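S.K.: Can you read through this structure? Questions will come right after.
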Amino acid sequence: MPAKLSKSVWVFVALAGFAMPAAYAETPNEVLSSIQQDAAATPGFQGFSGARGEKFFREKHGNEWSCSSCHTDNPAAQGKHAKTGKAIQALAPAANAERFTNMKKVDKWFKRNCTDVLGRSCTAQEKGDVLTYLLTVKK
Amino acid sequence: MSKYHSTILPMLAAALITTVATIPSAHADDDDDDHYERRSERHSEKYGGENRGKPALPAQTNAKFQQECSACHIAYAPGLLPAESWRKMMAGLDKHFGSDASLDAKDNKEISAYLVKNASNRWGSQTAPLRITETAWFKRKHDAHEIAPGVWKRASVKSPANCAACHPKAERGDFNEHDIEIPR
Chain Z
0 MPAKLSKSVW VFVALAGFAM PAAYAETPNE VLSSIQQDAA ATPGFQGFSG
50 ARGEKFFREK HGNEWSCSSC HTDNPAAQGK HAKTGKAIQA LAPAANAERF
100 TNMKKVDKWF KRNCTDVLGR SCTAQEKGDV LTYLLTVKK
Chain Y
0 MSKYHSTILP MLAAALITTV ATIPSAHADD DDDDHYERRS ERHSEKYGGE
50 NRGKPALPAQ TNAKFQQECS ACHIAYAPGL LPAESWRKMM AGLDKHFGSD
100 ASLDAKDNKE ISAYLVKNAS NRWGSQTAPL RITETAWFKR KHDAHEIAPG
150 VWKRASVKSP ANCAACHPKA ERGDFNEHDI EIPR
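Residue numbers (numbering that gives the first Met the number 0), protein chains in the order written: chain Z, 0 to 138; chain Y, 0 to 183.
Here's what the structure looks like:
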């Protein structure tokens, strides 16, 4: 009897486990791990730095905009598109649970925004630094 | 004095009647396109053939279009431009008015098909502008006679691309003249 009960509990937990992540494909930490796998392929990779990510986020990189031009200096706050003025929901996962939970969306926006801000793609190091920084931002 | 009155009064009355009589037709020409069409066989030539479609937004919209095209600006209704404009737009998303707005091939294909299918059905000219604000119908309806140039510079308006500043239902493709509220 107890064995049978524990089995059904196990089935329940397994089902719940499958059902819950359906809302979000990935967690921000999984996204970070994925970026880290790419970064680790670069010789001399020594991990990510939130401090470096924050500096990168706020600075301009030769073009008109920085990340913070639209996302503001506080990624936990609502941003505003620098050109159209449209509201942009908070970027930090602590303030917006939807952020960095879908790898396809993450790739899409890094591609677009890195082109706009840097005129090139971001390296895995740069993406990882920025996400590490964003994960340290409190609500 | 009374002689003067007797001449001026009928003139005033005539002027008033003329004004009143002109108002409805001016309205019809301004926005009530259906009304206009009934009187015109060559409605496709209105605005030199650069006329937005009707309806601007189809009853059946596309979820991917709504989601992707409204990330940075309102999802501009497909009927505002001809099919060829949308083809060009979707082929150049990596350089979209100075921004990279690229989509993956699958999403691009789905949204392109939706835009082309529901593009303006009254576009008679061979032109295919990328900016809605550069079309003849837009310019005519928003010329200096209709909108004082200073309005565009207001922070609350920001740019002619910001339809929703004055058209509260722009996102639904509804640009009815009677709903316009120009912000201060």
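For each residue, glycine too, the CB sits at the ideal point set by N, CA and C.
From a predicted model like this one, the values you see are computed outputs, not experimental measurements.
Compile a chain-ordered list of the residues in the stretch 74-86 of chain Z whose CB is closer than 8 Å to at least one CB of chain Y.
M.R.: Result list: 80, 82, 83, 84 and 85.
S.K.: Starting from the Cα of residue 109 of chain Y, find the closest Cα among Y:96, Y:89 and Y:123 and give me that residue.
M.R.: If we check each option's Cα against that of residue 109 of chain Y, Y:89 comes out closest.
S.K.: Where residue 109 of chain Z and residue 135 of chain Y are concerned, what is the direct C-alpha to C-alpha distance, given to the nearest angstrom?
M.R.: Cα to Cα, the separation comes out at about 37 Å.
S.K.: Looking at the structure shown, is residue 33 of chain Z part of a helix, part of a strand, or coil, going by DSSP?
M.R.: Helix, per DSSP.
S.K.: Tell me, please, whether the CB atom of residue 141 of chain Y is closer than 8 Å to any CB atom in chain Z?
M.R.: Judged by the 8 Å Cβ criterion, residue 141 of chain Y is not in contact with chain Z.
S.K.: Which of the three DSSP states is assigned to residue 147 of chain Y in this structure?
M.R.: Here residue 147 of chain Y sits in coil by DSSP.
S.K.: Please state whether DSSP places residue 181 of chain Y in a helix, a strand or coil.
M.R.: Coil.
S.K.: State the start and end residues of the unbroken alpha helix (DSSP H) segment that holds residue 79 of chain Y.
M.R.: Where residue 79 of chain Y is concerned, there is no enclosing alpha helix (DSSP H), given that its DSSP letter is neither H nor E.
S.K.: Apart from the five residues on each side of it in sequence, which residues of its chain come closer than 7 Å, Cβ to Cβ, to residue 83 of chain Y?
M.R.: Once the five neighbours on either side are set aside, the close Cβ partners of residue 83 of chain Y are 127.
S.K.: Cβ closer than 9 Å: which chain Z residues qualify as neighbours of residue 100 of chain Y?
M.R.: Chain Z residues near residue 100 of chain Y: 111.
S.K.: Between residue 71 of chain Y and chain Z, is any beta-carbon pair separated by less than 8 Å?
M.R.: Answer yes: the Cβ-Cβ gap between residue 71 of chain Y and chain Z drops below 8 Å somewhere.
S.K.: Quick check: what's the CA-CA separation for residue 133 of chain Z versus residue 90 of chain Z?
M.R.: Going from the Cα of residue 133 of chain Z to the Cα of residue 90 of chain Z covers about 8 Å.
S.K.: Going along chain Z, which residues have a C-beta under 9 Å from residue 105 of chain Y?
M.R.: Those within 9 Å of residue 105 of chain Y in chain Z number zero; the least Cβ separation is about 10 Å.
S.K.: So within the stretch 45-125 of chain Z, which uninterrupted alpha helix (DSSP H) runs reach at least 4 residues, ignoring any that extend past its ends?
M.R.: For the stretch 45-125 of chain Z, whole alpha helix (DSSP H) runs of length 4 or above, ordered along the chain, are 49-57, 66-70 and 102-117.
S.K.: Could you check the C-alpha separation between residue 104 of chain Y and residue 135 of chain Z for me, to the nearest Å?
M.R.: About 34 Å.
S.K.: Can you list, in chain order, the residues of the stretch 87-112 of chain Z whose Cβ is nearer than 8 Å to any Cβ on chain Y?
M.R.: The stretch 87-112 of chain Z vs chain Y, Cβ under 8 Å: 103, 107, 110, 111 and 112.
S.K.: Looking at the strands, I want to know which residues DSSP matches up with residue 122 of chain Y.
M.R.: Its beta-bridge partners are Y:49.
S.K.: Where do the ends of the alpha helix (DSSP H) carrying residue 111 of chain Y lie?
M.R.: Element bounds for residue 111 of chain Y: 104-116.
S.K.: Do the stretch 69-83 of chain Y and the stretch 138-149 of chain Y meet, that is, are 3 or more Cβ pairs less than 8 Å apart?
M.R.: No: fewer than three Cβ pairs fall under 8 Å.
S.K.: Assuming residue 64 of chain Y is part of the alpha helix (DSSP H), what are its boundary residues?
M.R.: First-last of the alpha helix (DSSP H) with residue 64 of chain Y: 62-68.
S.K.: Strictly under 8 Å for the Cβ-Cβ distance: is residue 115 of chain Z near chain Y by that measure?
M.R.: So, interface residue.
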